[in-house]
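Residue numbers (my numbering), protein chains in the order written: chain C, 14 to 319; chain V, 728 to 1067; chain A, -13 to 502; chain L, 2 to 380. C-beta: ideal position from N, C-alpha, C; glycine also. Have a look at the structure below, then the notes.
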Amino acid sequence: MTPELVIIGILTSGIRLATPYLYAAIGETFGQRSGVLNLGVDGQMLLGAFAGFYVAFTTGSLELGLLAAILVGAVMGLAMAFVTVNLQAEQGISGIGFYLFGLGMSELLFKMLLGTVETVKGFPSLHIPFLGDIPVLGEIFFQHNVMVYGAFLLVPVAWFVLNKTTLGLKIHSVGENPEAADSLGVSVARIRYFTIILGGILSGVAGASLSIALLNVFQQNMTSGLGFIAVALVYFGAWRPWGVLAGALLFSMVNSLQLWMQVLNIPIPTEIAIMLPYILTIVVLVITVSRVRSPSALTKPFDRGE
Amino acid sequence: GGAPAEEPAAPVAEEPAAPAEEPAAPAEEPAAEEMMEAFKVAIIMPSSITDLAFSQSMFDALLAVQAEMGGEEAMEIVYSEGMFVVDDAAAAIRDYASEGYNLVIAHGSQYGSSLQEIAPDFPETSFAWGTTLNTFSDDGITNVFAYEANSQEGGYVNGVIAASLSEAGVIGVVGPIEAGDASLYVKGFVAGAEATNPDVVVNVNWIGSFSDVALASEAASTHVAAGADVLTGTAQMVVGAIGVAEENGALWFGTQSSQTSLAPDIVVANQVYDWSVVLDEILALIHEGTYGGEAYTITLANGGLVMDYNSGYTLPDDVKALADAAVAGIIDGSIVIPVE
Amino acid sequence: MTENKLPSGHTRIDTLELRGITKRFPGVLANDNVNFEVRSGEVHALLGENGAGKSTLMKILYGLYDPSDGEVFLNGKKITIESPTDAINHGIGMIHQHFMLVETLTVAENVALGLPSSRGFLTDLDKVSQRILELAEIYGLKIDPDAYIWQLSVGQQQRVEIIKALYRGAALLILDEPTAVLTPQEVDEFFIIMRQMVADGHALIFISHKLHEIMDICDRVTVLRDGAKVGTKNVSDITKSELANWMVGREVIMTRDLDEINRGPSRLTLENLACDSDRGTPALRDVSLKIHSGEILGLAGISGNGQRELAEAITGLREVTKGKVILEDEDITHFAPGKITERMLSYIPEERMRDGMIKNFTIAENMVLREHHISPFAEKGFLMLKTIARHSDDLIDKFGVKTPSRETKAGSLSGGNIQKVVLAREISRKPRVIVAAQPTRGLDVGATEYVHAQLLEQRRDGTAILMISEDLDEIMAISDRIAVICEGEIMGIVPRYEATPEKLGLMMAGVVPEEN
Amino acid sequence: MRSRLDSLLDALLPVFATFAALGVGAIMLFILRVSPVEAYGALWEGAFGSTNAMAETLVKATPLLLVGLGICIAFRASVINIGGEGQMIIGGILATQIGLTFTDWPGWLVIFAAMVAGFLGGALWGGIPGFLKAYFRVNEILSTVMMNAIAVQVMNYMLRGPMIDPAQAEKASKIPQTARLLEAFRLPRWAPTRLHAGFLIAVVLAILVYILLWRTTLGYRIRAVGQNPHAARYGGIRVRRHIVTALLLSGAFAGLAGAIQVYGVNYRMITDGSASGFTGSAGFNGIVAALFGQLHPIGTIPASIFFGALLVGANKMQRVVQIPSALITALNGLVVIFVVSSEIWRRRRQRQRLSRDETDDAPPSIAENINTSKEEGSA
Ligand SMILES: Nc1ncnc2c1ncn2[C@@H]1O[C@H](COP(=O)(O)OP(=O)(O)OP(=O)(O)O)[C@@H](O)[C@H]1O
Ligand SMILES: Nc1ncnc2c1ncn2[C@@H]1O[C@H](COP(=O)(O)OP(=O)(O)OP(=O)(O)O)[C@@H](O)[C@H]1O
Ligand SMILES: [Mg+2]
Ligand SMILES: [Mg+2]
């Protein structure tokens, strides 16, 4: 096996693997920027994955499947927003509640509606004209399916929304100093509803990216804790879309590196190889000592204090 | 020493399965009153009854036996699935036993310790567990059956076919953790492939999880990128890998349950576990009043392991012949699969 | 420009009237049937002791709190204000006691926050910046629209708050203790701005504990006591000491004579001290000072010239990059804060809520914050709860802390009482040295009087006191000697009797007096 | 004076919330064509219906309580420890190794040494994120999530390799498990149930943690650092050191939970490749239990039992009415959501009480992250 082959392989699959992390972590970034920690991402992903798969499977339309995932994610987000904004529930714990609910509910629905593992024909790879034909680069970057491109496109879009729009300004202020935002007539509740629902939608899409674009099956607990890694990546990325992208790529590429290490018969215990992405993520964070504070109001319910 | 003494070479069922009618026969023999009572079976499974893998293989077998016996009136089946927490499983086992179930199957090698503890308290209940051959008879326990699968056998056959069909000479394997049943299957598979084509390269990837579908799929992609045109894998998370095989036109070999439905075009063959062989024998023994002490291995020879060929895939005759020869060799003992 | 338009282009508010406002908090009647009226072109002062209900009344006017009862009339017409947006739409702006700024955003971003943008959903910060500069021009406010809030001094942040209100077309501006954090120079500048605004037809409500400021700038004054209105008077009809008495309900000693200096040996010596600010830039350069037993050394200076860093360097909270801190004969320069505490150095930090106390701890727990680990409050790692309780009751009693019990959470006390807890803790230790930073900031005249009396008592007992203050009146009232700091350097030290505001002001601006 | 009724209502609020969640669950059961009455009857039966059921509930509660105690400590220091799963695993591994190595030691000594080893193992696994947080500002949510994944691989490696049951090592199908502990090394049980001495240990420790947090200088410091690091430093407290200490202790309790699972319940370690296979998700559920218990060590005792009962009862329910286990998981999620959401009513009622009675200083809500309750502070 030539080294180029391995490197192309690592980069290509790193990009693919990063896809669900990106959707989920960008969604979480919005939530956390506005001061809400959502630990229920994994549950939302599972429900999104199921909804997307089931609708695509029964209607044969991937677009409808994606729409279903979006809707289910939005509903989960809405519920989470109600619980954390109106009822001012502890965010971390209600997040764990939503995780358990999504984990159980997706499996229950799977059992009731499908009964067994099925497959769908997922979004096909889009070979981008010209770009996809560039020798090495084309193969790495421009021969993926549409949801992979979507995930990477989301990064600049999220950056733009957060930094260049009035909405981004409001989100930032609500996460840093909700009292100040409130005193200027910015509705803290409305902004948080928006970001939490958006987070839910993107988590749902993250799930669908697995079930109808990358893996094209649904199985119980198919995310296997991926949503928790996505939350961790938000911290890694210091609440910035580009940072999240860096984290997701690092984590995924090291994960794919460890798969290659096994294929190349590099003589280390498989467990050590599997640990690599987790260790490296921490190490990178230690080396690049982050000076960035978390949003000041993160996890704090807002109440005018009356 | 801290380790319990392992089981002696327990008698392993050698003949093929008893005729199907035999377990059904009890209907005539027992007293009429007894007949009214359905035979009650409880099963505890680590995964779900629809995992297309290990758990489903046993549940399907139970359903088959139930059908043979005459449906729900004759045999009542209850199950606890998703019992990956050993502790919860132990509670379930004890509970089923105290509810008067005739046979409690703990379908996972992790449940052994719990059985060892619970079984003595319920001498009237029969227990079964796998995959192992340890019936705890050394500890004086008489009501535990044990069963396991020689999954290396079907693995070997799959390996023979895989090596014959691989044009690239590169084969990829996706496994969960390198232990137990999965490890046996992979060893058999590698042995079969290498025996058929000494130059074949078999790349093995252990992903460290039974549930991470995404990583299993990515492992398959890695194999494809490394040149593999034939893939196989074991445990429930491989459903993700099969999709990758299909997308890349690689062939797939399944094990535990039939995975043909997932990719009818590219699945060549599956090694299917048919535990009904074991269940039949256990039920017969229980009927005679023996509640345990026997260990069973499903093999190609006794029909517990079945090579299930996908009718939708046309296997070249010469390859089919090679496979049949491998099966025959394993059954007659001329092929010995090295598994350490 | 028509008669009722302001230079900012917005409509004037001729009169605004609050009638019968009542506000209950759990356990507190914060406003009790208050009537209040303000007119265009006047500065109306709101005066009252700490906790009298001034901020609450204003928050009701601004729509942050719902009143339990009462009505608001704008130009004679009844209006309802349910949210800050309503208030803003009616031309009411507010500058809060605690700034409502997002530190991680720029000035322009803070101003633009919550306003519609000329570019739809995109921000139009360039236009906002332009308008900010226009407003700054009209009202003489110097500000850089692209600076981040955290980079700004307190005075500059206040200007941002004013711009924010003006930008939103405030015709009536509520100023809740705007001067508490400003230097005298900044106050002067601020008053110029206020006068300009009043002349233009704005209505201003001004809250301050500094009576001379009220005498200086206000037309009318309304006094609140325990939530209820005591009355409204024209400032021209009343003297400063009358005002003080009216507000507190008793005689207040405004100035006091210092006893003979009973100056002993040097207790605290700083030798060529240097350290960095939080941002890593040099904050102190080469500071040398001696503070003697039985004296109060006042440290005057414009905020942000190294005072905070100096206090932290002495108390071990900030790393010293050069020089020495010597307590009596011991070099304590690189000691951990705990060790310095053990050597009986007390510190009243400037930001008491942040640095000096733990809001969610009880008063008793806060009383031993510094000595929780030392006998008699702890033995072998266990807290001696009975001793701590007795000690706290003692201090609550001695210092007259107004609280239901020692088990009350410190955070629920009023500002003055919080100050008393900190003071009680720091003084009761019988310290050898006290570093007191802005000891009376935000306190009403009664409480201020009390704090000064306490410091003077310590001085009598032979404690060496370094009092850091931006309030020149305070500095000149109780210091024996006055050092002035500018840009991290000591410009000079003058005895109290030689000090004049002019002289100190020059030194604070960086002019070294000739005699030195 | 605050009436007893009020405190009772507060204490029962989570129970009401649970009923509400079960009400939603009843609708789901109805859709699955299962009688909710029968199902919930089974749930109750499984949790409290017999001596054995109650014992099982307490067995389940034990690791929840231990992990929860650690969470109480961490939360008081404003540190969020999501690493309970990994800490339990490492604690379990070290403790097991003690029992497998010192087979000729007396039982009590091995048990003691194993508990210490578990404690230290957890401390190590919690201390690393603590150290990284204090000295490198690595967010602990990130690092503990990562440490969990690493611990699972450590476990898989140890159980497949160095620690594998010698009997398994000889066989072709190497089941990744250790040998069983000698009988003498097992925690005493209250036969014939599985209730073991670990529960008692946990309850005693809860009291000790209470003492630690409110009666010792260390506890004072940990709470001070959590409430206000600036003021803590001003008070002479070494902030970073205490952040590390809090996570260290928090991990240690989780590690002890792991050790007790091995010595009290399973008598060996075995892996199915996931963390929850060993921990039963106690590393997560302990967080929930601690929060139900108002982050108070004593409150965490009933909270753990309550949550343990729910888990045990739900398993029974699955067995009796034969519903997919997934429903149970979903139902647990609903219970958690409903219970944390119900907090707001407790807070509201508290405010109303405050307006009646000025001197009340009942605990603020968990939503305000940290609270202290009446009995805290000085006597
Ligand atoms: N959100 C609140 N909840 C409960 N009580 C409050 C709240 N805000 C203020 N109070 C109480 O209401 C009373 C009036 O407070 P307010 O802040 O209006 O006083 P103030 O006159 O502005 O005092 P200061 O001069 O110290 O700023 C005080 O007793 C205070 O403790
Ligand atoms: N949670 C925190 N939030 C803000 N600042 C912190 C926090 N923890 C530590 N710091 C800062 O870290 C620095 C070191 O704190 P401190 O000296 O208390 O640590 P320490 O425990 O003494 O460490 P060491 O034992 O290594 O000296 C201080 O500047 C402190 O303000
Ligand atoms: Mg005020
Ligand atoms: Mg230090």
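Query raised in the report: So which residues on chain V does residue 8 of chain L lean against when the C-beta distance must stay under 8 Å?
Result: Along the fourth sequence, one-based indexing puts residue 8 of chain L at 7. Here the premise fails: no neighbours, minimum Cβ distance about 34 Å.
Report task. Write down the C-beta distance between residue 995 of chain V and residue 1042 of chain V rounded to the nearest angstrom, noting that I regard them as a contact closer than 8 Å. Result -> Taking the second sequence and counting its residues from 1, one reaches residue 995 of chain V at position 268. Taking the second sequence and counting its residues from 1, one reaches residue 1042 of chain V at position 315. Confirmed, about 6 Å.
Query raised in the report: CB of residue 400 of chain A to nearest heavy atom of ligand 3: below 7 Å?
Result: The residue you call residue 400 of chain A lines up with position 414 of the third sequence. Residue 400 of chain A: no, Cβ never under 7 Å from ligand 3.
Query raised in the report: Start and end of the alpha helix (DSSP H) containing residue 229 of chain A?
Result: Within the third sequence, numbered from 1, the residue matching residue 229 of chain A stands at position 243. Start and end: 226 to 234.
Query raised in the report: Which residues, taken in chain order from the stretch 72 to 89 of chain A, show a beta carbon closer than 9 Å to some beta carbon of chain C?
Result: Listed by position, the residues of the stretch 72 to 89 of chain A near chain C (Cβ gap below 9 Å) are 72, 73, 74, 75, 80, 82, 84, 85, 86, 87, 88 and 89.
Query - For residue 102 of chain A, the nearest candidate out of A:294, A:448, A:301 and A:154 (CA to CA) - result: Your numbering for residue 102 of chain A matches position 116 in the third sequence. Of A:294, A:448, A:301 and A:154, the residue nearest in Cα terms is A:154.
**Report entry** Cβ pair residue 112 of chain L, residue 186 of chain L closer than 8 Å
**Finding:** The residue given as residue 112 of chain L occupies position 111 in the fourth sequence. The residue given as residue 186 of chain L occupies position 185 in the fourth sequence. The criterion of a C-beta distance shorter than 8 Å is satisfied by residue 112 of chain L and residue 186 of chain L.
Query raised in the report: Is it buried or exposed for residue 80 of chain A, if we count other Cβ within 10 angstroms and need 16 for buried?
Result: On the third sequence, position 94 is the one that residue 80 of chain A refers to. It is buried - the Cβ of residue 80 of chain A has at least 16 other Cβ atoms within 10 Å.
Query - DSSP-derived helix/strand/coil call for residue 443 of chain A - result: For the purposes of this step, residue 443 of chain A is taken as the residue at position 457 of the third sequence. Residue state, collapsed to three classes: helix.
Query raised in the report: When you compare only the Cα positions, how much space is there between residue 840 of chain V and residue 104 of chain L?
Result: Start at 1 with the first residue of the second sequence, and residue 840 of chain V comes out as number 113. Start at 1 with the first residue of the fourth sequence, and residue 104 of chain L comes out as number 103. Going from the Cα of residue 840 of chain V to the Cα of residue 104 of chain L covers about 19 Å.
Requested in this report: Would you kindly work out how many angstroms separate the C-alpha atoms of residue 253 of chain C and residue 167 of chain C, rounded to a whole number?
Outcome: Counting from one through the first sequence, the residue named residue 253 of chain C turns up at place 240. Counting from one through the first sequence, the residue named residue 167 of chain C turns up at place 154. Approximately 12 Å between the Cα atoms of the pair.
Query raised in the report: Taking three-plus beta-carbon pairs below 8 Å as touching, is the stretch 127 to 146 of chain A in contact with the stretch 55 to 67 of chain A?
Result: no
Query raised in the report: Hey, would you say the C-beta of residue 42 of chain A is under 7 Å away from at least one heavy atom of ligand 1?
Result: As a first step, residue 42 of chain A must be located in the third sequence, where it is residue number 56. Within the chosen limit of 7 Å, ligand 1 reaches the beta carbon of residue 42 of chain A through at least one heavy atom.
Report task. Compare the C-beta of residue 173 of chain L against all C-beta atoms of chain V and say whether one is closer than 8 Å. Result -> Within the fourth sequence, numbered from 1, the residue matching residue 173 of chain L stands at position 172. Chain V, which has a Cβ nearer than 8 Å to the Cβ of residue 173 of chain L, makes this yes.
Query raised in the report: For residue 83 of chain A, is the beta carbon positioned less than 7 Å from some heavy atom of ligand 3?
Result: Along the third sequence, one-based indexing puts residue 83 of chain A at 97. Correct: residue 83 of chain A has its Cβ closer than 7 Å to ligand 3.
Report task. Could you spell out the range, first to last residue, of the alpha helix (DSSP H) harbouring residue 298 of chain L? Result -> Taking the fourth sequence and counting its residues from 1, the one referred to as residue 298 of chain L is at position 297. That run of the alpha helix (DSSP H) goes 298 to 322.
Requested in this report: Compile a chain-ordered list of the residues in the stretch 98 to 131 of chain A whose CB is closer than 7 Å to at least one CB of chain C.
Outcome: Of all residues in the stretch 98 to 131 of chain A, only 98, 99, 100, 103, 107, 108 and 109 place a beta-carbon less than 7 Å from a beta-carbon of chain C.
**Report entry** Same chain, Cβ closer than 6 Å to residue 438 of chain A, five either side skipped, listed in chain order
**Finding:** For the purposes of this step, residue 438 of chain A is taken as residue 452 along the third sequence, with counting starting at 1. Within the same chain, residue 438 of chain A has close Cβ partners 464.
Query raised in the report: Do the stretch 229 to 237 of chain C and the stretch 47 to 65 of chain C touch if we need at least three Cβ pairs shorter than 8 Å?
Result: yes
Query raised in the report: Does any C-beta atom of chain L lie closer than 8 Å to the C-beta of residue 223 of chain A?
Result: Within the third sequence, residue 223 of chain A is the residue found at index 237, counting from 1. Chain L, which has no Cβ nearer than 8 Å to the Cβ of residue 223 of chain A, makes this no.
Query raised in the report: Helix, strand or coil for residue 1051 of chain V per DSSP?
Result: As a first step, residue 1051 of chain V must be located in the second sequence, where it is residue number 324. Residue 1051 of chain V falls in the helix class under three-state DSSP.
Report task. Taking only runs that begin and end inside the stretch 907 to 955 of chain V, name each unbroken alpha helix (DSSP H) of 4 or more residues, in chain order. Result -> Fully enclosed alpha helix (DSSP H) runs of no fewer than 4 residues occupy 907 to 923 and 940 to 952 of the stretch 907 to 955 of chain V, in order along the chain.
Query raised in the report: For residue 308 of chain C and chain L, any beta-carbon pair shorter than 8 Å?
Result: Start at 1 with the first residue of the first sequence, and residue 308 of chain C comes out as number 295. It does not; no Cβ of chain L falls within 8 Å.
Query - Under 8 Å between C-beta atoms of residue 932 of chain V and residue 991 of chain V - result: Translated into the one-based positions of the second sequence, residue 932 of chain V becomes position 205. Translated into the one-based positions of the second sequence, residue 991 of chain V becomes position 264. No.
Query raised in the report: Could you give the distance in angstroms between the alpha-carbon of residue 418 of chain A and the alpha-carbon of residue 258 of chain L?
Result: Reading the third sequence from its first residue, position 432 is the one you call residue 418 of chain A. Reading the fourth sequence from its first residue, position 257 is the one you call residue 258 of chain L. When rounded, the distance between both Cα atoms is 50 Å.
Query raised in the report: Any heavy atom of ligand 5 closer than 7 Å to the Cβ of residue 93 of chain L?
Result: Looking for ligand 5 in the displayed structure turns up nothing; the ligands present are ligand 1, ligand 2, ligand 3 and ligand 4.
**Report entry** Interface flag, residue 359 of chain L vs chain A, CB-CB below 8 Å
**Finding:** The residue you call residue 359 of chain L lines up with position 358 of the fourth sequence. Here the model assigns residue 359 of chain L a pLDDT of 41, short of 50, so the residue's position is not dependable, and the following value carries that caveat. It does: the Cβ of residue 359 of chain L has a partner Cβ on chain A nearer than 8 Å.
Query raised in the report: Three-state secondary structure (DSSP) at residue 804 of chain V?
Result: Taking the second sequence and counting its residues from 1, one reaches residue 804 of chain V at position 77. If DSSP states are grouped into helix, strand and coil, residue 804 of chain V belongs with the strands.
Query raised in the report: Under 8 Å Cβ-Cβ, which residues of chain C neighbour residue 70 of chain A?
Result: If you number the third sequence from 1, residue 70 of chain A lands on position 84. Result: 195, 196, 197 and 198.
Requested in this report: Please confirm whether any heavy atom of ligand 1 lies closer than 7 Å to the CB of residue 36 of chain A.
Outcome: The residue labelled residue 36 of chain A in the question sits at position 50 within the third sequence. Residue 36 of chain A: yes, Cβ under 7 Å from ligand 1.
Query - Residues in the stretch 280 to 292 of chain L having any Cβ partner in chain C nearer than 8 Å - result: 285, 288, 289 and 292
Report task. Starting from residue 299 of chain A, trace the alpha helix (DSSP H) both ways and give me its first and last residue. Result -> Along the third sequence, one-based indexing puts residue 299 of chain A at 313. Looking at the DSSP string, the run of the alpha helix (DSSP H) that includes residue 299 of chain A is 293 to 301.
Query raised in the report: Do you know offhand how far residue 938 of chain V's Cα is from residue 965 of chain V's?
Result: For the purposes of this step, residue 938 of chain V is taken as residue 211 along the second sequence, with counting starting at 1. For the purposes of this step, residue 965 of chain V is taken as residue 238 along the second sequence, with counting starting at 1. Approximately 9 Å, taken between the alpha carbons.
Report task. Could you please give me the residues that DSSP links to residue 25 of chain A through a beta bridge? Result -> Residue numbering aside, residue 25 of chain A sits at position 39 when the third sequence is read from its first letter. The partner list for residue 25 of chain A (beta bridge, DSSP) reads A:1.
Query raised in the report: Which first and last residues belong to the beta strand (DSSP E) in which residue 832 of chain V is found?
Result: Numbered from its first residue, the second sequence carries residue 832 of chain V at position 105. Residues 830 to 834.
Requested in this report: List the residues of chain C that residue 936 of chain V touches, going by C-beta distances under 7 Å, in chain order.
Outcome: Counting from 1 along the second sequence, the entry for residue 936 of chain V is found at position 209. Those are 237, listed as they occur along chain C.
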